[in-house]
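Asks: Numbering (our numbering), first residue to last: 98 to 304.
Cβ coordinates follow ideal geometry from the N, Cα and C atoms, glycine included.
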Ligand SMILES: C[S@@+](CC[C@H](N)C(=O)[O-])C[C@H]1O[C@@H](n2cnc3c(N)ncnc32)[C@H](O)[C@@H]1O
């Protein structure tokens, strides 16, 4: 995808430098994917829509001026994309990625360095990391909503918000989570997949 095509699809305008950092990230994912299995081989052919634009939606659905923690980051969706965009668009937002797999964490540190994004990578299990008191927590393809809310209980400030891209089963996950949790929910339809949503959640409390 080129920069002119990226802007209408993603809904954001970025500098040449930020766009070239996204391109650099895509090159690194393609290079490392056969070794560390970041995304499925099939989805690699459509990496801009399936992974980059999908991650941009998580970034644009709220404004972060404090700390953003992406958990279970894998190869960096959405966390690395958030880190690359935040450098230009939310320079006061500190981005941290938590990923327990050591090879993926090494990859993520390389991405942070090569794109000069300055996002931090913690190579530990989410449950073992000291509480982060984040303003925003994001996670894609990590766990069901109830489990994600437990991670928020540990790492999200009480005034913070969570951003979870979810597929077609999202309503069932919300119903199950509502048995144990109270929260305010704002589901935003995905631009890349009409049955998918970005769940924006705040006011999380045990029921
Ligand atoms: C299915 S992948 C999704 C990765 C990425 N978010 C994405 O959407 O492409 C889930 C990732 O979470 C990591 N993970 C799973 N449980 C974890 C835990 N308890 N603490 C830290 N990382 C975890 C796994 O190592 C894996 O890289």
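At a threshold of 6 Å, does residue 120 count as lining ligand 1 (C-beta to nearest heavy atom)?
Replies: Looking up residue 120 in the chain shown gives position 23. Outside the cutoff, so no.
Asks: Would you decide whether residue 132 is buried or exposed? Buried here means 16 or more other CB atoms lie within 10 Å of its CB.
Replies: Residue numbering aside, residue 132 sits at position 35 when the chain shown is read from its first letter. Counting Cβ neighbours within 10 Å, residue 132 comes out exposed, since fewer than 16 surround it.
Asks: If distances are taken between C-alpha atoms only, which option among 177, 184, 164 comes closest to residue 123?
Replies: As a position in the chain shown, residue 123 is number 26, starting the count at 1. Considering only alpha carbons, the answer is 177.
Asks: With a threshold of 6 Å (Cβ to nearest heavy atom), would residue 251 be considered close to ligand 1?
Replies: Locating residue 251 in the chain shown gives position 154, where the first residue counts as 1. The answer is no for residue 251.
Asks: Give the DSSP-derived three-state secondary structure of residue 166 in the structure shown.
Replies: Taking the chain shown and counting its residues from 1, the one referred to as residue 166 is at position 69. Three-state DSSP puts residue 166 in a strand.
Asks: Is residue 287 near ligand 1, judged by its Cβ being under 6 Å from some heavy atom?
Replies: Indexing the chain shown from 1 puts residue 287 at position 190. Result no, Cβ not under 6 Å from ligand 1.
Asks: Taking the alpha-carbon positions, what's the residue 225 to residue 304 distance?
Replies: One-based indexing of the chain shown puts residue 225 at position 128. One-based indexing of the chain shown puts residue 304 at position 207. For residue 225 and residue 304, the distance between alpha carbons rounds to 25 Å.
Asks: How many angstroms separate the CA atom of residue 111 from the CA atom of residue 101?
Replies: Locating residue 111 in the chain shown gives position 14, counting from the first residue. Locating residue 101 in the chain shown gives position 4, counting from the first residue. Taking the straight line from one Cα to the other gives about 10 Å.
Asks: So for residue 178, helix, strand or coil by DSSP?
Replies: Counted from its first residue, the chain shown places residue 178 at position 81. Three-state DSSP puts residue 178 in a helix.
Asks: Residue 231 and residue 169: beta carbons closer than 7 Å?
Replies: The residue labelled residue 231 in the question sits at position 134 within the chain shown. The residue labelled residue 169 in the question sits at position 72 within the chain shown. Not a contact, by the Cβ cut-off of 7 Å.
Asks: Out of 185, 137, 156, 244, which one is the CA nearest neighbour of residue 172?
Replies: Numbered from its first residue, the chain shown carries residue 172 at position 75. Nearest option by C-alpha distance: 137.
Asks: Less than 7 Å separating the beta-carbons of residue 273 and residue 234?
Replies: Against the chain shown, residue 273 aligns to sequence position 176. Against the chain shown, residue 234 aligns to sequence position 137. Their beta carbons are not under 7 Å apart, which means residue 273 does not touch residue 234 by this criterion.
Asks: With respect to the beta strand (DSSP E) encompassing residue 202, which residues constitute its N-terminal and C-terminal limits?
Replies: Stepping through the chain shown from its first residue, residue 202 is reached at position 105. Note, residue 202: premise wrong, no beta strand (DSSP E); alpha helix (DSSP H) at 199-211.
Asks: For the alpha helix (DSSP H) containing residue 129, name the first residue and the last one.
Replies: The residue labelled residue 129 in the question sits at position 32 within the chain shown. Per DSSP, residue 129 belongs to the alpha helix (DSSP H) from 113-133.
Asks: If we call anything under 7 Å between Cβ atoms a contact, is residue 280 one with residue 300?
Replies: The residue you call residue 280 lines up with position 183 of the chain shown. The residue you call residue 300 lines up with position 203 of the chain shown. Result yes, Cβ atoms of residue 280 and residue 300 sit closer than 7 Å.
Asks: What did DSSP end up calling residue 109 once you bin it into helix, strand or coil?
Replies: Against the chain shown, residue 109 aligns to sequence position 12. In the structure shown, residue 109 sits in coil (DSSP, three-state: anything other than H, G, I, E or B).
Asks: Cutting at 6 Å between CB atoms, please list the residues of its own chain near residue 265, excluding the five before and the five after it.
Replies: The residue you call residue 265 lines up with position 168 of the chain shown. Cβ neighbours of residue 265 beyond the five flanking positions: 292.
Asks: Counting C-beta neighbours from all protein chains within 10 Å, is the total for residue 212 16 or more, i.e. buried, or is it exposed?
Replies: Mapped onto the chain shown, residue 212 falls at position 115. Flag for residue 212 reads buried.
Asks: What distance in whole Å lies between the Cβ atoms of residue 285 and residue 158, which are believed to be in contact at a cut-off of 8 Å?
Replies: In the chain shown, the residue the question calls residue 158 occupies position 61. In the chain shown, the residue the question calls residue 285 occupies position 188. At roughly 6 Å, the Cβ-Cβ gap stays under 8 Å, so residue 158 and residue 285 are in contact.
Asks: Using the Cα positions of residue 288 and residue 277, report the straight-line distance between them to the nearest angstrom.
Replies: The sequence position of residue 288 within the chain shown is 191, counting from 1. The sequence position of residue 277 within the chain shown is 180, counting from 1. Between residue 288 and residue 277, the C-alpha separation is close to 30 Å.
Asks: How long is the line joining the alpha carbons of residue 223 and residue 210, rounded to whole angstroms?
Replies: Here the question's residue 223 lines up with position 126 in the chain shown. Here the question's residue 210 lines up with position 113 in the chain shown. Each residue's Cα considered, the two are about 23 Å apart.
Asks: Taking only three categories from DSSP, how would you classify residue 268?
Replies: The residue given as residue 268 occupies position 171 in the chain shown. Three-state result, residue 268: helix.
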